[in-house]
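Have a look at the structure below before the remarks.
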């Protein structure tokens, strides 16, 4: 039995708690939140759970094996550090930490104490991302050319982070997972017309083998868009996460470049075949993710999104910020 | 009567010829194309028109007032120069010239000889762009924040220009027209996985007053997208050029930033009101554009898209290429 | 304080209970369901509520003023009758009763005992239907011509009712409300290829003044559609209930019929103007509906959907069944 | 060489003429239209073609093998009859004739004189319909359950025919072709609010084996819809003719009805699998159709849409009119 304590029961915490609670072999034993109303809600949703306002009760408790940190990013490092030092495995909301040094220090503690870190990049467990990962791995798409994502809406402005730290961690964790290579460099541009933080940003990520990725994030779009295009040598994918029934479409379209026989002719031919929209597994992503964390704690396997994966995302966010300051200069990873 | 000669009767030339021919006070008198089949098509479409394989016949002809240059960009400078030096006004397919020096030299000749240059940025004459320009000018949108365009499809690879030179001139000419300010700097990133020319590119343009513009162009997208978002202080616009009936939608949506009273609180409130899709003028853009050229020649007024406008677009394309070579550095205009 | 008892806590009951419970001046005191698991769920969702397996406890209880009947239609009559006879107001899930005689008998009891009946046609309280009703009443649409609804999906086959009784009550209650006239006649056709009950049906309803309504309902559609067109003399409406942001669109389109001057010429001119999508009230429909029922009980006002409205819907369903048996004959109301 | 004469060069005639003219082994030799401007246009589009205002010149000409009748339906019978009696094969615009008697008489003449009749149901030659026909014939869909089409727009009111005669011949000819059985009965309802002819109509067609078809046609819709749903035992199809790239989508969705074991339980299970959008042949339908007519004339084979097919469509339109008059009664074929 893995006994989980949860720190933070605001917007996202209840979903995490509910899902951990229904994983077989796992039990949520204690929830910590400074807000009495949040603790009240926790008790009514998870009858029998302990609640506390004191972190100390959680990280020192003998009856807790793992701590889920579901609080603002500025607090992740301190909370996760204390949990790890008290011998608890940690599950940390994304982005992992407020900077890459913090991430490295947490990883170092966890490795020393042989504890698990999992970073909550929930999208990796959706039916859509798992299908796309499979299409890349089984060779259906052929060699990848590009990954191009748009994630815009009329969003909640945040005063402590810009739109990249708010929205891009989703895309960055997905592209790292799907492309499966270490990114090489980042370029970011953005606008902060009327506030200190950028509300719109464009991030290009260069991967090995000339694979290019791009993310368009915007808090000031009149319409909500969640669309990702993937171009491959053999097939191409459009993933529209707002389409209720056909989120992932695989197109048998592409170009074929032949040998250039003349002096400067490019021999290009176009393929335009069927489109196919595979049925996706409908299991709630958070259910699979919490199951995986519990299995990792029990059996010691590496989670899909461990501390190093979370660290890489934070490094890329830092690189994007650095590039933003230069209004678009190239920042090597 | 303005007598027009046309050089180049390939894909776009017939549209130009047909439209000039039906402008009142204008007549297409001669069409020049090296290809006999093209000349044959010209004669059957415009009964009574002269055709010739020799440019000299066109640029030296006494019975011609203006020459429309509808040929590949690498030939624009030489053809337009010869026409101008022979005292003809010129109408030049976009992009204006292959580099900015050429553009300056054509402008210099035209000014010296008091001739008109018009660059064929057809989109400026569409009902959609004219409506958007009006919404900006009459203050409906309030101060502009951003201009964000996606123009992707499975396109024709070209061996002599990259995707920016092929597709972005549309967006660049439109943003310059709508924003109405001189751009300050350009950043471009892109991918050229399997060929010399970039097939996908992302171009950020910084305008004065923190207005930011972005263009996403791609020859390797499985789906065709032609969507532009404009964010303003009071209203926002989505222009989907592929929507048959409701191309332009105006959203009464936005954020209002209040005075920050506390130490670090951002006072943001959201508006979410009606959406409105104005009826657009359905007149063919090319009809209005050719009419304007004829009026400019007759009455000496400045066209919406003159040599200087064409020059600015070419400068921005050059800046984008320069930035691309640096994999994304900022290039001041 | 209006004290409500609820019979039936399956799929829809919890929504009804939750909404009644948060209406000011109303309290859910008891929930009746034969299923112990349902009673368990009721107690955990509404802490402090009584539960019972015995209807008698509900309809005879002194501490209950009104009973909500949220059970299969075949049981409505008996449950509502017993509640009314015990002096309780009733709120009945749609369709009101299994036949029109039952509806009349319930109305008769309620009138005799001066009790209120409200039939749960929730759609009448949605922002979309309230906006459409307003557009009709304030003359924006001009005289109504037609109402045309498609409500199809891969649905749950039911063994006791056909697709008309399952899906069409929504459309029928809405058209009655929006058109505001007593329907004159019904024609229905349908298919029951592999089962006893029709899985697809087409219902035409003739209203006074040549207003025509049509409903297309289907349990065997591969895609879900919820679209209603309303044609008016001055404007037309498309209501797509699956559109997250722009459910109702008002088109300034139409025809204008002039005086026929010649012998057989029809003078028709077309208008094609702006489209406008009004912002809709986002309040949960069920919240407004339960509020209205409580107000009706307290102040004696007539609800939007009373027993007579529920009776009319049942009459039309009966007429549709009768027409179905004749494979499409006209059935006068 | 099949020598074709064309009667009627208005809206549709030029397309017919252009397509016949490019069929190998066929030549358009003469075009007849009473309007001098139409004849002028014909001569400039088809250099070398004869034009005439006199039908007699066409139907008696020795150098003509076949006549295409592309005129209003009220004139079809007389023109086709004269052509047939003069020994010409005929290609007749849809609907075939103004009533079924006329159709029978034309068929009788053609059979007696061993001439070919082809009725111009162009849709049967589109990539979409050919693909759907193939999916039915090769068993992909399994047994057909229903065919449900919506064909609405803000249309041109016509003073001599109602919306059924104007729009429904498309759907009727397609359903007859795809279902491949003789229809049994028709029910039609409709509205004619402000004019003599119905502007909106709903037509149900009963086919053998409980296959049901329905057509929704409307001249007064603010939006254009061209969508057909086909439900089959194994797969279902959505054909959206306005979708540029994915007109036909095949859904691996359905219900499976098991043996009813209890007294009244319906054992239904749902399948929800992949969706697949096959690439469609892009050849212009009219090109294939005119080719087929020429082959029929040359080799005597039966066209997909011969006189009997055209006759059946007219019979169904007549039945629909008869049912309309009864406001919806069943009319046996």
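Protein chains in written order, with the working numbering: chain A, 338 to 670; chain B, 338 to 670; chain C, 338 to 670; chain D, 338 to 670. Glycine residues also receive a C-beta, built at the ideal position from the N, C-alpha and C atoms.
Got a sec: does the ligand HEM put a non-hydrogen atom nearer than 7 Å to the Cβ of residue i?
i: residue 417(B); result: What this structure holds is no ligand at all, so the ligand HEM is not there to describe.
Would you check if the distance between the CB atom of residue i and the CB atom of residue j is smaller than 8 Å?
i: residue 493(C); j: residue 554(C); result: no
i: residue 403(D); j: residue 433(D); result: no
i: residue 506(C); j: residue 650(C); result: yes
i: residue 341(A); j: residue 366(A); result: yes
i: residue 573(A); j: residue 591(A); result: yes
i: residue 379(A); j: residue 388(A); result: yes
i: residue 664(C); j: residue 346(D); result: no
i: residue 631(B); j: residue 362(B); result: yes
i: residue 627(B); j: residue 357(B); result: yes
i: residue 530(C); j: residue 648(D); result: no
i: residue 339(C); j: residue 634(C); result: yes
Please classify residue i: does DSSP put it in a helix, a strand, or coil?
i: residue 383(B); result: coil
i: residue 286(C); result: Here chain C covers residues 338 to 670 and nothing more, so residue 286(C) does not appear.
i: residue 502(D); result: helix
i: residue 492(D); result: coil
i: residue 463(A); result: coil
i: residue 302(D); result: Because chain D here runs from 338 to 670, residue 302(D) falls outside it and cannot be looked at.
i: residue 368(B); result: strand
i: residue 475(A); result: coil
i: residue 634(D); result: helix
i: residue 622(C); result: helix
i: residue 359(C); result: helix
i: residue 513(C); result: helix
i: residue 349(D); result: coil
i: residue 469(C); result: helix
i: residue 669(A); result: strand
What does the Cβ neighbour count give for residue i, buried or exposed, with the cut at 16 atoms within 10 Å?
i: residue 638(D); result: exposed
i: residue 669(D); result: exposed
i: residue 686(C); result: Coverage of chain C is limited to positions 338 through 670, which leaves residue 686(C) absent and any answer about it impossible.
i: residue 660(C); result: buried
i: residue 620(C); result: exposed
i: residue 646(C); result: buried
i: residue 579(D); result: exposed
i: residue 514(C); result: buried
i: residue 636(A); result: exposed
Quiz item: When the Cβ atoms of the region 470-477 of chain D are set against those of the region 552-564 of chain D, are three or more pairs found closer than 8 Å?
Solution: no
Exercise. Report the residue ranges of all beta strand (DSSP E) runs contained in full by the region 402-460 of chain C; include only those spanning at least 3 residues, in chain order.
Key: 403-406, 426-430, 454-457
Quiz prompt | Entirely enclosed alpha helix (DSSP H) segments - the region 532-614 of chain C, minimum 4 residues | solution = none
Exercise. Kindly confirm or deny that the region 450-468 of chain C and the region 477-496 of chain C touch, where touching means at least three C-beta pairs closer than 8 Å.
Key: no
Exercise. Would you be able to state if there are at least three C-beta pairs under 8 Å between the region 573-583 of chain A and the region 562-581 of chain B?
Key: no
Quiz item: Should the region 347-357 of chain D be called in touch with the region 537-554 of chain C, which here means at least 3 C-beta pairs below 8 Å?
Solution: no
Practice problem: Indicate whether the contact test is met: 3 or more Cβ pairs, each with one atom in the region 434-451 of chain A and one in the region 410-424 of chain A, closer than 8 Å. | Solution: yes
Quiz item: Is it a yes or a no for the region 612-629 of chain A touching the region 611-630 of chain D, going by three-plus beta-carbon pairs under 8 Å?
Solution: yes
Quiz item: Hey, is the region 506-524 of chain D in contact with the region 506-523 of chain C, meaning 3+ C-beta pairs nearer than 8 Å?
Solution: no
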